[in-house]
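S.K.:
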Ligand code: SF4
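Numbering (the numbering used here), first residue to last: 50 to 426.
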């Protein structure tokens, strides 16, 4: 049986960040306890074979908004269904400002072995502007407390290329996280998504796009600085010490199977992709009726499968195998894609390896979106 991932979504935050389009709500009353009731029902419906899960990722939202008692309950319901001894990785996302020593202890004793802490920027004025609930000092406390409790696999999330962040600001953030000696750093450029405060500001002309040259200067600095500090880039936005790649996310990028439970969670099982309902009400109703709370599902045909492999696989520095193209079963299309790959290779954006894999080069990664779109069916 192929080992699968398990994603668990906790859709609650203290307040909504102004750039965030993840499904999350400001919890009131006993909403979190009721949500945990539903989560347990959904987990039960999957009747997991406790040996089949090799990675767990508890994301959000802000999972660490849960009280110690609620966290304890969550870990117990997982432990009752998954063999923790078989896990290669068990991650929880954590937000500074919600991460007390007591919670860290509960998280550790629950079996979690990887923390992903959202810092985003080191300048308090930017954190405030983004709607984050914490400042740099609170991040530092969370980070050092986590080390004290024994977490030896920590990711720090940071964001770049947003309006009014200067190149100097970003360099300060990257220099800082490089010095913190976390095992893993995720550095994503900001995308202004519809439905966010930032999107409204953008529409009104209060936020501007970041010019291409500025983005490139920031991205190149990130790659160089982190390389100099011993981090290797294994995905367009992800850097780590050798052996600390996020195994759960690699399952996504390699199009491997995973269950997704919770409001708005997605899963991919038996070549079928599904997404759960987005509201707490619909989620509670479905789980109370013992029905999977799935809003949308589709079986991936060859074209969708191929596109996913290109879209996700080319983000990885290990690339994808060219044998994928042999399976297209349409000689014209095959020729067309091979011609595009050859062109990108000539321009230095793609590297072809002897073992049949193709990878984006560093300059290819800088224009990855246009290459990926070009190679999709
Ligand atoms: S803490 Fe994370 S999930 Fe919650 S609003 Fe902010 S970015 Fe979104």
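For glycine and all other residues, C-beta sits at the position ideal for the given N, C-alpha and C.
Helix or strand or just coil, what does DSSP make of residue 367?
M.R.: Walking along the chain shown from the start, residue 367 turns up at place 318. In the structure shown, residue 367 sits in coil (DSSP, three-state: anything other than H, G, I, E or B).
S.K.: Using 8 Å for Cβ pairs, my map puts residue 290 next to residue 228. What's the rounded Cβ distance?
M.R.: The residue labelled residue 290 in the question sits at position 241 within the chain shown. The residue labelled residue 228 in the question sits at position 179 within the chain shown. Not really, about 14 Å apart at Cβ, beyond 8 Å.
S.K.: Measure the C-alpha to C-alpha separation of residue 370 and residue 392 and round it to an integer number of angstroms.
M.R.: For the purposes of this step, residue 370 is taken as the residue at position 321 of the chain shown. For the purposes of this step, residue 392 is taken as the residue at position 343 of the chain shown. Between residue 370 and residue 392, the C-alpha separation is close to 18 Å.
S.K.: Could you give the first and the last residue of the continuous alpha helix (DSSP H) run that contains residue 124?
M.R.: Position 75 of the chain shown, counted from the first residue, corresponds to residue 124. Looking at the DSSP string, the run of the alpha helix (DSSP H) that includes residue 124 is 117-128.
S.K.: So, are the CB atoms of residue 399 and residue 390 less than 7 Å apart?
M.R.: Start at 1 with the first residue of the chain shown, and residue 399 comes out as number 350. Start at 1 with the first residue of the chain shown, and residue 390 comes out as number 341. Contact: yes.
S.K.: Which of the three DSSP states is assigned to residue 333 in this structure?
M.R.: Position 284 of the chain shown holds residue 333. Helix at residue 333.
S.K.: Relative to the ligand SF4, is the shortest distance from any of its heavy atoms to the C-beta of residue 184 smaller than 6 Å?
M.R.: Counted from its first residue, the chain shown places residue 184 at position 135. No, the beta carbon of residue 184 sits no closer than 6 Å to any heavy atom of the ligand SF4.
S.K.: Give every residue of the same chain whose Cβ lies closer than 6 Å to the Cβ of residue 105, excluding the five residues on either side of it in the sequence, and list them in chain order.
M.R.: Taking the chain shown and counting its residues from 1, one reaches residue 105 at position 56. Within the same chain, residue 105 has close Cβ partners 55, 139.
S.K.: Note down, one range per segment and in chain order, each alpha helix (DSSP H) of at least 4 residues found wholly within the segment 359-418.
M.R.: Runs of the alpha helix (DSSP H) inside the segment 359-418: 372-375, 380-395, 411-415.
S.K.: Using beta carbons (cut-off 7 Å, strictly below), is residue 129 in contact with chain B?
M.R.: No chain B appears in this structure, which consists of one protein chain only.
S.K.: Let me confirm a value: residue 161 is counted as buried when at least 16 other C-beta atoms fall within 10 Å, else exposed. Which label applies?
M.R.: By one-based count along the chain shown, residue 161 stands at place 112. Residue 161 is buried by the Cβ-count criterion.
S.K.: Helix, strand or coil, according to DSSP, for residue 262 in the structure here?
M.R.: Indexing the chain shown from 1 puts residue 262 at position 213. If DSSP states are grouped into helix, strand and coil, residue 262 belongs with the helices.
S.K.: Using the C-alpha atoms, what's the distance from residue 361 back to residue 301?
M.R.: Here residue 301 is taken as the residue at index 252 of the chain shown, counted from 1. Here residue 361 is taken as the residue at index 312 of the chain shown, counted from 1. Going by the C-alpha atoms only, they are around 8 Å apart.
S.K.: Cβ of residue 343 within 7 Å of Cβ of residue 323?
M.R.: The residue you call residue 343 lines up with position 294 of the chain shown. The residue you call residue 323 lines up with position 274 of the chain shown. Yes, these two residues count as a Cβ contact at 7 Å.
S.K.: Can you tell which of 376, 372, 418, 424 has its C-alpha closest to the C-alpha of residue 402?
M.R.: Along the chain shown, one-based indexing puts residue 402 at 353. When each option's Cα is compared against that of residue 402, the closest is 372.
S.K.: Please say whether residue 107 and residue 141 have beta carbons closer to each other than 7 Å?
M.R.: Position 92 of the chain shown holds residue 141. Position 58 of the chain shown holds residue 107. The answer is yes: Cβ separation under 7 Å.
S.K.: CA-CA distance, residue 155 and residue 92?
M.R.: Along the chain shown, one-based indexing puts residue 155 at 106. Along the chain shown, one-based indexing puts residue 92 at 43. In a straight line, the C-alpha of residue 155 is about 21 Å away from that of residue 92.
S.K.: Is residue 447 close to the ligand SF4? I mean its beta-carbon at under 6 Å from any heavy atom of the ligand.
M.R.: Residue coverage of the chain in this structure runs from 50 to 426, which leaves residue 447 outside it and unanswerable.
S.K.: Using only alpha-carbon positions, find the residue among 125, 184, 179, 175 that is nearest to residue 157.
M.R.: Taking the chain shown and counting its residues from 1, the one referred to as residue 157 is at position 108. Per the Cα distances, 125.
S.K.: Residue 187 to residue 145, Cα distance in whole Å?
M.R.: Here residue 187 is taken as the residue at index 138 of the chain shown, counted from 1. Here residue 145 is taken as the residue at index 96 of the chain shown, counted from 1. Answer to the nearest angstrom: the Cα atoms are 6 Å apart.
S.K.: What is the rounded straight-line gap between the Cα of residue 408 and the Cα of residue 190?
M.R.: Against the chain shown, residue 408 aligns to sequence position 359. Against the chain shown, residue 190 aligns to sequence position 141. When rounded, the distance between both Cα atoms is 39 Å.
S.K.: Quick one, which of 131, 243, 244, 222 has its alpha-carbon nearest residue 268's?
M.R.: By 1-based counting over the chain shown, the position of residue 268 is 219. When each option's Cα is compared against that of residue 268, the closest is 222.
S.K.: Less than 7 Å separating the beta-carbons of residue 364 and residue 284?
M.R.: Indexing the chain shown from 1 puts residue 364 at position 315. Indexing the chain shown from 1 puts residue 284 at position 235. Yes, the Cβ-Cβ distance between residue 364 and residue 284 is below 7 Å.
S.K.: Is residue 410 near residue 368, with beta carbons less than 7 Å apart?
M.R.: Residue mapping note: residue 410 aligns to position 361 of the chain shown, counting from 1. Residue mapping note: residue 368 aligns to position 319 of the chain shown, counting from 1. Contact flag unset, no.
S.K.: CB of residue 204 to nearest heavy atom of the ligand SF4: below 6 Å?
M.R.: In the chain shown, residue 204 corresponds to position 155, counting from 1. Incorrect: residue 204 has no Cβ contact closer than 6 Å to the ligand SF4.
S.K.: Answer yes or no: do residue 62 and residue 111 have a C-beta to C-beta separation smaller than 7 Å?
M.R.: The sequence position of residue 62 within the chain shown is 13, counting from 1. The sequence position of residue 111 within the chain shown is 62, counting from 1. Contact flag set, yes.
S.K.: Based on DSSP bridge pairs, tell me the residues matched to residue 183.
M.R.: Sequence index remark: in the chain shown, residue 183 carries index 134 (1-based). Per DSSP, none; premise fails for residue 183.
S.K.: Looking at C-alpha atoms only, which residue of 250, 272, 120 is the closest neighbour of residue 81?
M.R.: Along the chain shown, one-based indexing puts residue 81 at 32. Among 250, 272, 120, the Cα nearest to that of residue 81 is on 120.
S.K.: Report yes if the C-beta of residue 73 is less than 6 Å from at least one heavy atom of the ligand SF4; otherwise report no.
M.R.: Along the chain shown, read from residue 1 onward, the residue named residue 73 stands at position 24. Yes, the Cβ of residue 73 comes within 6 Å of a heavy atom of the ligand SF4.
S.K.: Going by C-alpha to C-alpha distance, which of 420, 73, 404, 325 sits closest to residue 114?
M.R.: If you number the chain shown from 1, residue 114 lands on position 65. Comparing Cα-Cα distances from residue 114 to each of 420, 73, 404, 325, the minimum goes to 73.
S.K.: Cutting at 8 Å between CB atoms, please list the residues of its own chain near residue 68, excluding the five before and the five after it.
M.R.: As a first step, residue 68 must be located in the chain shown, where it is residue number 19. Correct list, in chain order: 179, 180, 208, 211, 239, 241, 242, 245, 246, 247.
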